[in-house]
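Right, one structure below, let's go through it.
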Amino acid sequence: MEHGNQGGTANVLNSLSSLECFFIPATRGFFYYLKGVTHMKSAEIRQRFVKFFESKGHEIVPSASLVPYNDPSLLWINAGMAPLKKFFDGSEIPKNPRITNSQKCIRTNDIENVGKTARHHTMFEMLGNFSIGDYFKKEVIPWAWEFLTEELKFDKDRFYVTIHTEDDDAFEIWTNVVGIPADRICRTEEDNFWDIGEGPCGPCSEIFYDRNPEMGKDDVFHPDNHNGERYLEVWNLVFTQFNHNADGSYTELPKKNIDTGAGLERLCSLLQNGETNFDTDLFLPIIEETARLSGKQYHTDLNLDVAFKVIADHIRTVTFSVGDGALPSNEGRGYVIRRLLRRAVRYGKVLGIEKPFMYTLVKIVGDIMGEYYPEIVTKREFIERVIKAEEERFHVTLADGESLLADVLERVKGEGKNVLPGEEAFRLYDTYGFPIDLTEDICVEQGIEIDREGFEKALNEQRQRARAARKDVSTMSVQTELYDELDIRSNFVGYSEAATSAQVLAIISGGEIVEEAHEGDEIALFLSQTPFYAESGGQVADIGLIHVGEAAIVQVLDVQKAPNGYNLHKARVLSGTVNVLDEAEASIDYERRVAITRNHTATHLLHKALRQVLGEHVAQAGSLVGPDRLRFDFSHLSGMTAEEIADVERRVNEQIWQNEIVEINEMGIDDAKALGAMALFGEKYGDVVRVVKAGDYSIELCGGCHVRSTGEIGLFKIVSESSIAAGVRRVEAVTGKGAYEFVVERDRLLTDAAGKLKANVNDVPSRIDNLQNNIKELGKEIESLKGKLAAGEVKNLVEQIREVGGVPFLAAKLDGVDMDGLRAIAEDLKARLASGVVVLGAAQGTDKVNFVVAVTKDLNGKGIQAGKLVKEVAAVTGGGGGGRPDLAQAGGKDVSKLQEALDKAADLVAGMLV
RNA sequence: GGGGAAUUAGCUCAGUGGUAGAGCACUGCGCUGGCAGCGCAGGGGUCAGGGGUUCAAGUCCCCUAUUCUCCA
């Protein structure tokens with residue numbers, strides 16, 4: 022059955038699933054191909070995976086943002102376990118040690134291969150199940166097998182596995198528990214040891230699927246047989262059982278982990294029998310739309326297919342990354358996006374698409390994956406706008422490059438050559454971003470060759486430089502066990518109490534658990550219950566005091582969440598001795614806490630107001646809630662106008678005047694979502710979330726401290742709005758007492774200014790306008806008076822003209838006249854003289870002398886050069902100078918020798934005449 | 001993380017170490033029956049910011065900021 026281009030792949034796929042048939046791509050369009058295997062769509066595979074592991078006790082966590090949170094070692098989330106690193110190295114302990122997810126990931130290191138091979142992508146989804154110190158090899162291997170063969174119904178006989186050469190445990194489980202014949206297991210060395218430097222690491226086991234069993238069985242299985250094209254890796258099971266220590270040694274991990282990853286795109290290509298990952302329901306609708314836009318057909322020409330695939334791949338990456346708040350820019354993450362987009366636009370040109378089109382594909386990506394990743398649907402309009410603007414920008418870059426190249430080619434031709442130097446081609450590419458293949462096309466058109474060798478050489482030098490400068494960064498920490506040794510329970514009572522009695526449960530000093538601490542010790546301690554809020558969600562920690570009866574006073578300086586989830590007080594013992602199990606009275610600095618709650622609730626109101634005024638694309642990118650001010654970073658493309666700032670400020674204050682009740686409730690995450698709560702960046706999704714609702718205005722998930730009603734905030738005032746990164750703005754604001762003090766200070770400044778202007782406060786702006794106009798007029802008047810004075814001076818000077826060697830000559834001292842004045846007078850005198858030499862000198866203060874020499878052009882031919890003359894004159898006062906033959910200037914230092922220098926000028930002129 | 005480049009009038013950009021410019025836009029006057037109408041005159045500058053070299057820096061050097069771009 023022949024299938025034309027116009028029918029739409031989406032329709033094809035819909036009918037496919039119902040018919041339980043699938044297609045294989047052929048060079049002439051698509052045709053159906055019936056077979057007795059289940060055709061499964063990507064959404065179903067994803068869903069079945071997480072549900073399968075949920076049935077094995079795993080908690081399903083949603084995909085984390087592509088932008089790493091609190092992890093400077095990563096540009097992007099690049100693996101399913103990347104957002105879970107904090108659990109792997111033990112710096113945080115998860116509620117449930119079994120986790121499963123489908124994680125969006127970005128990797129751009131193999132970008133050159135994307136579109137050319139069957140399975141390289143810049144963005145992919147990784148299905149994973151994880152054990153944090155819970156189950157290990159003997160559970161995970163059979164589960165993986167069960168999922169593949171029973172849930173997805175793959176043919177058992179087509180699987181092969183690799184294990185690490187020394188991993189006998191894994192071999193035993195694969196052969197005896199799962200029942201795979203030993204000849205389908207390959208022991209390899211480097212490939213099967215997962216190690217990324219310092220931190221947890223361990224052997225792994227990879228599961229391969231034989232795509233061409235009809236080729237017969239290999240004598241010895243190895244994944245690289247048949248150039249690695251026959252056996253497709255579908256799943257990697259990593260058994261992290263060692264710590265890779267800072268000194269390079271390996272030690273057994275106290276808590277062993279499991280980290281697995283199965284590529285969704287690969288599973289799709291197998292289950293849908295797609296020749297490549299692109300021939301699946303994840304990509305075909307995008308390719309189909311691109312085909313429609315370009316009028317070209319997929320699967321008719323290999324070069325065009327590369328273009329179709331690159332575009333389909335890159336638009337996914339760009340859509341998702343922009344959706345996660347990373348915007349195109351000239352550096353870091355943003356630059357990755359920019360380059361991907363440009364690369365796609367270049368391939369668009371291959372298909373004959375010359376105008377911005379990538380943005381129109383955002384909708385298709387949303388259609389395909391929006392159900393699991395709703396952010397790309399809700400932010401669609403914003404994503405489209407960003408991409409369209411970026412496409413337009415690139416067209417400008419291309420046009421600029423074309424004109425630069427045209428200039429260079431003209432020069433090359435002018436020199437009678439027909440080769441474009443490699444360094445020129447490289448300069449266009451390196452500095453101006455003009456693609457080398459475009460340079461090549463244009464050169465060919467004009468019959469000019471490119472020195473490709475020189476270009477490559479320059480590029481390689483650039484690479485060397487970059488490599489040499491590369492430093493290793495540690496991506497994970499070595500697992501610690503300190504907190505595992507503490508078996509304690511601590512309650513936070515600070516939402517309602519400012520002080521409480523409690524028992525000291527543990528004291529940590531110098532990185533060790535101790536029994537007591539003495540005056541002056543810097544310690545960390547846990548209490549059975551505490552009113553101290555630990556820094557979290559942007560809200561700073563409380564400070565305060567802990568009294569241990571009469572025995573000791575401890576000052577709390579900072580409070581952090583420890584890995585076990587409890588509040589760890591960092592403190593100094595002010596006096597006495599504190600022992601474990603002492604009874605104590607803990608009290609926070611209450612005034613400070615109240616100021617913090619004002620700022621925190623105000624932050625929520627601000628967030629909502631920003632979304633109302635600027636649009637729904639405003640997403641929190643960071644927040645700091647302190648006692649004296651609040652800081653809120655959010656995604657937004659341009660600076661806010663004064664009107665927008667005023668509008669936001671007014672909306673927040675209106676909520677304050679209405680004195681809305683702030684309700685705080687704990688509820689299930691689904692109930693919170695149903696209420697319309699805004700989930701914050703970095704928020705941890707437990708079963709129960711805390712919802713903070715300010716009137717009907719703002720609803721957010723938040724674990725922080727808030728006022729009881731908005732009226733307590735008192736007053737909200739925005740202090741500044743600025744840029745923090747490309748596409749990220751920062752607003753700083755004050756509330757309550759801080760706002761009052763801010764306004765008082767502003768008022769004082771204004772009153773002060775009015776006083777100095779001797780004007781009423783209301784008249785200050787008009788008063789300044791008047792003064793500025795005045796200054797301008799005075800300036801003009803000075804200019805004109807200076808001109809008149811100079812003219813008068815010129816008149817006087819003309820009378821002093823004498824003759825030296827038959828040439829009209831003038832040397833004069835004009836103290837107090839600046840360089841500009843001297844030059845103007847000299848010009849004037851020169852204009853009055855048909856022929857002559859003018860030498861002017863002036864002392865500037867006590868340690869500086871200026872000279873100007875003017876010579877009429879006719880005398881230049883007679884040996885008198887103004888530059889030479891002025892230089893020698895100035896030399897008398899210890900200076901030098903130069904200029905044009907007809908006008909030159911110089912400076913000197915010794916004011917006392919000014920007259921001497923001027924006197925010498927006549928002799929010099931006489932000597933120069935020929 | 002490491003390179004290259006740019007930043008001058010409202011906009012687009014020239015500018016040899018020696019008097020800061022052009023085109024467009026703006027204001028005024030005059031001419032003119034339009035589609036970028038013409039002429040004359042005028043206003044408009046922290047030469048990105050800060051240091052340094054120099055008698056003298058928009059120009060050379062260093063630092064910072066912003067933007068463009070390549071490599072990793």
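Counting from 22, one number per residue, gives the positions in the first sequence under my numbering.
Idealized CB from N, CA, C, for every residue including glycine.
Handout entry: DSSP-derived helix/strand/coil call for GLN500
Key = DSSP places GLN500 in coil when its eight states are reduced to three.
Exercise for the section: Would you check if the distance between the CB atom of ARG632 and the CB atom of GLY643 is smaller than 9 Å? Expected result: In this structure, the beta-carbon distance from ARG632 to GLY643 does not fall below 9 Å.
Exercise for the section: On a CA-only basis, which of THR281, ILE279, GLY282, THR261 is nearest THR272? Give me that one, please. Expected result: For the residues THR281, ILE279, GLY282, THR261, the minimum Cα distance to THR272 belongs to THR261.
Problem - Local conformation of GLY223 per DSSP, three classes - result: If DSSP states are grouped into helix, strand and coil, GLY223 belongs with the strands.
Exercise for the section: Keeping to the same chain, check which residues put their C-beta closer than 6 Å to that of GLY532; ignore five residues upstream and five downstream. Expected result: There are no such residues.
Practice task
Note down, in chain order, each residue of its chain lying with its Cβ closer than 6 Å to the Cβ of ALA328, except the 5 sequence neighbours on either side.
Solution key: Within the same chain, TYR368, VAL371, LEU372 come within 6 Å of ALA328 by CB-CB distance, once the 5 residues on both sides are set aside.
Practice task
Give the DSSP bridge partners of PRO829, in chain order.
Solution key: Per DSSP, GLU824.
Problem - Opening and closing residue of the beta strand (DSSP E) in which TRP256 lies - result: Where TRP256 is concerned, the enclosing beta strand (DSSP E) starts and stops at 252-265.
Practice task
Would you list the residues sitting across from ILE528 in a DSSP beta bridge?
Solution key: Partner(s): VAL535, LEU546.
Problem - Status (buried if at least 16 other CB within 10 Å, exposed otherwise) for GLY154 - result: Flag for GLY154 reads buried.
Handout entry: Selection from ASN130, THR338, SER76, PRO83 that minimises the alpha carbon distance to GLU392
Key = Distances from the CA of GLU392 to each of ASN130, THR338, SER76, PRO83 were compared; the closest alpha carbon is that of PRO83.
Handout entry: Beta-carbon proximity check, ILE228 vs TRP256, cutoff 9 Å
Key = Result yes, Cβ atoms of ILE228 and TRP256 sit closer than 9 Å.
Exercise for the section: Alpha carbon to alpha carbon, how far is GLU604 from LEU546? Give it in angstroms, no decimals. Expected result: Computed Cα separation, rounded: 13 Å.
Practice task
Grab the span of the alpha helix (DSSP H) containing PHE151 for me, first residue to last.
Solution key: Annotation for PHE151: no alpha helix (DSSP H) segment contains it, though the beta strand (DSSP E) segment containing it runs 144-153.
Problem - Exposure label - LEU806; buried when at least 16 CB within 10 Å - result: When all chains shown are included, LEU806 counts as exposed.
Handout entry: DSSP state of LYS925 mapped onto helix, strand, coil
Key = The answer is helix: DSSP assigns LYS925 an H, G or I state.
Exercise for the section: With distances taken Cα to Cα, identify the nearest neighbour of ALA538 among LYS892, PRO648, THR598, ASP334. Expected result: Here the closest residue by C-alpha is THR598.
Practice task
May I ask you to report which of helix, strand or coil DSSP gives THR867?
Solution key: Of the three classes helix, strand and coil, the one that applies to THR867 here is coil, per DSSP.
Exercise for the section: Going by CA-CA distance only, name the one from THR877, LYS878, LEU861, LYS116 that's closest to LYS892. Expected result: It is LEU861.
Problem - Backbone CA spacing between MET144 and THR129 [nearest angstrom] - result: Using only the alpha carbons, I get a separation of about 8 Å.
Handout entry: Residues sharing a beta bridge with LYS560, DSSP
Key = Rather than Lys, the amino acid found at residue 560 in this sequence is Gln. Beta-bridge pairing links GLN560 to SER557, VAL646.
Practice task
Could you tell me if LEU34 is buried or exposed, where buried requires 16 or more neighbouring beta carbons within 10 angstroms of its beta carbon?
Solution key: For LEU34, the predicted structure reports a pLDDT of 36, less than 50, and the residue's modelled location is therefore unreliable. A value from the coordinates is still provided. Burial call: buried.
Exercise for the section: Compute the Euclidean distance between the alpha carbons of LEU526 and SER549, then round it to the nearest angstrom. Expected result: Between the C-alpha atoms of LEU526 and SER549 there is a straight-line separation of about 6 Å.
Problem - VAL870 vs LYS925 beta-carbon contact at 9 Å - result: One thing to note: VAL870 has its Cβ no nearer than 9 Å to the Cβ of LYS925.
Practice task
Please say whether HIS621 and VAL646 have beta carbons closer to each other than 9 Å?
Solution key: VAL646 is a Cβ neighbour of HIS621, given a cutoff of 9 Å.
Exercise for the section: Give the single residue among PHE175, PHE214, THR170 whose Cα lies nearest to the Cα of ALA191. Expected result: Checked all of PHE175, PHE214, THR170; the closest Cα to ALA191 is PHE214.
Exercise for the section: Work out the CA separation of ALA427 and ILE469 for me, nearest whole Å. Expected result: Rounded to the nearest angstrom, the two C-alpha atoms are 12 Å apart.
Handout entry: Distance, ARG337 Cα to ILE308 Cα
Key = Looking at the two C-alpha atoms, the distance is approximately 12 Å.
Handout entry: Pairwise C-alpha distance: PHE415 and LEU362
Key = Straight-line Cα distance between these residues: approximately 9 Å.
Exercise for the section: Just tell me which of GLY586, GLY636, VAL465 has its CA closest to the CA of LYS967. Expected result: Outside the shown range of the chain, which is 22 to 935, sits residue 967, and nothing can be said about it.
Practice task
For ARG251, I'd like the list of residues in its chain whose CB is within less than 7 Å of its CB, leaving aside the five on either flank, ordered along the chain.
Solution key: Contacts found: ASP231, ARG232, ASN233, MET236.
Problem - Proximity below 9 Å, CB of VAL712 to CB of GLU687 - result: With respect to GLU687, VAL712 sits close: the two C-beta atoms are nearer than 9 Å.
Exercise for the section: Let me know the secondary structure DSSP gives ASN233 once reduced to three states. Expected result: In this structure, ASN233 counts as coil in the three-state DSSP scheme.
Handout entry: 8 Å contact criterion, which PHE180 and LEU169 should meet: CB distance rounded
Key = Their Cβ separation, rounded to whole angstroms, is 7 Å, which keeps PHE180 and LEU169 in contact under 8 Å.
Problem - As assigned by DSSP and simplified to three states, the class of ARG751 - result: ARG751 falls in the strand class under three-state DSSP.
Handout entry: Cβ shell of ASP668 (< 7 Å), same chain only, five flanking positions each side left out
Key = Cβ neighbours of ASP668 beyond the five flanking positions: VAL634.
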